[in-house]
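The letter at position 74 of the first sequence is residue 88 when you use the working numbering, and the numbering goes up by one with no holes. Cβ atoms here follow ideal geometry from the backbone N, Cα and C, with glycine treated the same way. Structure, as structure tokens:
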Amino acid sequence: MIVELKQQFGNVFEAALLEEIARVGTLRAVPADFELIDIGEPIKGVPLMLNGAIKISREDANGDELLLYYLEEGDSCTMTMAWEMGEKKSKIRAVTELPSQLIMVPLSAVEQWSSHYPSWRQFVFKSYHKRMEELLETVDSIAFDQLETRLWEYLLEKKRIIKKEVLTITHQNIAQEIYSSRVVVSRLLKRLEQQEKIKLHRNAIEMLS
DNA sequence: ACATTAATTGTGT
DNA sequence: ACACAATTAATGT
């Protein structure tokens with residue numbers, strides 16, 4: 015585990031902290047489409063992403079979902095860090111988008127790190143900053159963009175995350191993630207296809223870049 | 001190989 | 001938004 019850890023976080027954390035992480039953390043390999051945590055569940059630890067991608071989403075009172083952002087290698091989940099502020103239950107849902115490897119660090123261990131390791135303080139700070147930026151982008155697109163633009167941006171982001179030209183997903187699933195309805199998504203996708211931006215297949219969308 | 005069923009996608013109102 | 005048609009995949013016999 016120490017090898018993967020250094021590869022991804024070697025430049026981020028000081029040596030002593032890397033050893034500490036290796037000592038208290040556990041390596042987890044998770045398949046794609048695996049639910050790591052759901053809304054309301056108690057937070058177990060802080061994840062450090064080694065590789066893969068995790069989809070972070072939120073849910074409204076009716077149970078409708080909304081994609082917030084993705085976690086990628088080198089990322090951590092800022093929300094879990096708010097645990098120190100007294101929040102013990104998760105406010106988000108985390109589902110793997112790709113097979114992923116991550117190190118889980120128990121929260122009890124993390125408590126002291128901020129005061130002991132400057133690099134950890136830095137890391138937490140930067141994480142917050144990055145998440146905040148991503149969230150603002152998402153909020154902007156919801157508030158100001160046309161749905162067609164938002165859908166297109168969603169597709170581009172998905173392609174970037176999974177690094178494939180063909181996205182295997184149903185219209186229904188897309189609708190849930192961008193908080194719209196299946197019929198609307200189908201029609202917008204059809205238009206994108208007519209613009210030669212994509213090609214539609216069953217359970218799949220081919221990106222024509 | 002065929003029929004049946006379910007899931008996904010397309011279209012009109 | 002709703003209803004329904006059309007298409008494709010999955011399953012059982």
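Rounded Cβ spacing between Y90 and M63 (contact assumed at less than 8 angstroms): Tyr is not the amino acid found at residue 90; the sequence shown has Ser there. Going by Cβ atoms, the distance from S90 to M63 rounds to 7 angstroms, so yes, they are a contact pair.
For P56, the residue or residues it bridges with in DSSP: Answer is K103.
Distance between S122 and A157 (C-alpha atoms, nearest Å): 39 angstroms
Those runs of the beta strand (DSSP E) which lie wholly inside the stretch 80-140 and span at least 3 residues: 107-110, 114-120
Neighbourhood of T184 by C-beta distance below 8 angstroms, restricted to the same chain and skipping five residues each side: N217
Through-space distance from M93 to E160, alpha-carbon basis: The sequence as given places Gln at residue 160; Glu does not occur at that position. Cα to Cα, the separation comes out at about 29 angstroms.
Straight-line Cα distance separating I192 from V198: 11 angstroms
Beta-carbon proximity of A36 to M15, cut-off 9 angstroms: yes
Whole-number beta carbon distance between V38 and V119, since they are thought to touch under 8 angstroms: 6 angstroms
CA-to-CA distance, W166 to S194, given in whole angstroms: 14 angstroms
CB contact flag (R107, I70, <9 angstroms): A contact, by the Cβ cut-off of 9 angstroms.
A75 in three-state terms, based on DSSP: coil
Cβ shell of E55 (< 6 angstroms), same chain only, five flanking positions each side left out: S104
Boundaries (first-last residue) of the alpha helix (DSSP H) holding K213: K213 -> not in any alpha helix (DSSP H); beta strand (DSSP E) instead, spanning 212-215.
Spatial neighbours of R196 in its chain, beta-carbon cut-off 6 angstroms, leaving aside the 5 residues before and after: H185, Q186, A189
I53 versus D78, E87, K140, H143, residue with shortest Cα-Cα distance: Considering only alpha carbons, the answer is D78.
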